[in-house]
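Asker:
In this note's numbering, the protein residues as written are 1049 to 1295.
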């Protein structure tokens, strides 16, 4: 279970103890978030930890270095967040690791690909977390082109020796999801981790949005928790292999 302490309307999460269903959590999460976000974040974390899975399918599980780079658009950049409350900053606090924010307002998969070497690979990252596609959708870029660009971004990162996590979120209001299958297939094809529907119950919730497109601090906290629920155990597995000197 989660240990929590109420303090000035906030809840301190100490997940170093036992996790969902009595399972010991594989990595420490020490985070202070608003109480109204705590329950949703805890559910996002516990569901993923409860599933349990091997990470042997991940490409570059033995990647060197320590730096995590978040590549993305204005959601990664933190549009609408107060200083230090963008999702990469909150993710860094959750993981207790160094995270570089390589988000840029207005980025499409095409423009992100163009700056990949300069803004991402130059850091020699251990892990690259990719959040893109919203502006492709808004600008009505062809889906095939978006997926091709994403494929090139992921393959360039893995070719450079980094682990990759692909973050997906549903675009538009239709029941069908234009990117879900393609993003999932891209992640599987390249041995990348996959974070599904990272903005679920954030978009359309006034208490978690600063405008119709961008989350507020609470929304970014939940977004970061969903990413952490996937990449936290992945990094812990990689740390364990590194400590054992796995080839």
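We put the beta carbon where it would ideally sit given N, CA and C, even for glycine.
Please classify residue 1134 as buried or exposed, where buried requires at least 16 other C-beta atoms within 10 Å of its C-beta.
Answerer: Position 86 of the chain shown, counted from the start, is the residue given in the question as residue 1134. With 16 or more Cβ atoms within 10 Å of its Cβ, residue 1134 is classed as buried.
Asker: To which residues of the same chain is residue 1184 closer than 7 Å at the C-beta, ignoring the five residues directly before and after it?
Answerer: The sequence position of residue 1184 within the chain shown is 136, counting from 1. Cβ within range, chain order: 1156, 1157 and 1194.
Asker: Can you give the Cα-Cα distance for residue 1172 and residue 1107, rounded to whole angstroms?
Answerer: On the chain shown, residue 1172 is found 124 positions in, with the first residue counted as 1. On the chain shown, residue 1107 is found 59 positions in, with the first residue counted as 1. Whole-angstrom Cα-Cα distance: 16 Å.
Asker: In angstroms, rounded to a whole number, what distance separates the CA positions of residue 1202 and residue 1167?
Answerer: By one-based count along the chain shown, residue 1202 stands at place 154. By one-based count along the chain shown, residue 1167 stands at place 119. Each residue's alpha carbon lies about 14 Å from the other.
Asker: Tell me the rounded alpha-carbon separation between residue 1093 and residue 1246.
Answerer: Taking the chain shown and counting its residues from 1, the one referred to as residue 1093 is at position 45. Taking the chain shown and counting its residues from 1, the one referred to as residue 1246 is at position 198. Since pLDDT at residue 1093 reaches only 49, below the 50 mark, its modelled position is unreliable, and no value is offered.
Asker: Would you check if the segment 1172-1182 and the segment 1116-1124 touch, i.e. whether three or more CB-CB distances between them fall below 8 Å?
Answerer: yes
Asker: Determine which residues share a DSSP beta bridge with residue 1211 and list them.
Answerer: As a first step, residue 1211 must be located in the chain shown, where it is residue number 163. According to DSSP, residue 1211 bridges with 1175.
Asker: Taking three-plus beta-carbon pairs below 8 Å as touching, is the segment 1232-1244 in contact with the segment 1185-1192?
Answerer: Here the segment 1232-1244 makes no contact with the segment 1185-1192; the two share fewer than three CB pairs at distances below 8 Å.
Asker: For residue 1282, report the span of its alpha helix (DSSP H) as first-last.
Answerer: Along the chain shown, read from residue 1 onward, the residue named residue 1282 stands at position 234. In the DSSP assignment, residue 1282 falls within the alpha helix (DSSP H) that extends over 1265-1292.
Asker: Using the beta-carbon count (16 or more within 10 Å), is residue 1206 buried or exposed?
Answerer: If you number the chain shown from 1, residue 1206 lands on position 158. Residue 1206 is buried by the Cβ-count criterion.
Asker: In this structure, does DSSP put residue 1108 in helix, strand or coil?
Answerer: Sequence index remark: in the chain shown, residue 1108 carries index 60 (1-based). DSSP places residue 1108 in coil when its eight states are reduced to three.
Asker: For residue 1065, name the three-state secondary structure that DSSP assigns.
Answerer: As a working note, residue 1065 is residue 17 in the chain shown. Because the pLDDT at residue 1065 is just 25, under 50, the model does not fix this residue reliably, and the point stays unresolved.
Asker: Flag this pair as yes or no: are the beta carbons of residue 1117 and residue 1140 separated by less than 8 Å?
Answerer: Along the chain shown, one-based indexing puts residue 1117 at 69. Along the chain shown, one-based indexing puts residue 1140 at 92. No, they are not a contact pair.
Asker: Beta carbon of residue 1198, beta carbon of residue 1234: below 8 Å?
Answerer: Within the chain shown, residue 1198 is the residue found at index 150, counting from 1. Within the chain shown, residue 1234 is the residue found at index 186, counting from 1. Yes. Within cutoff.
Asker: Distance check for residue 1160 and residue 1253, CA to CA, integer angstroms please.
Answerer: Translated into positions along the chain shown, residue 1253 becomes position 205. Translated into positions along the chain shown, residue 1160 becomes position 112. A straight line joining the alpha-carbon of residue 1253 with that of residue 1160 spans about 28 Å.
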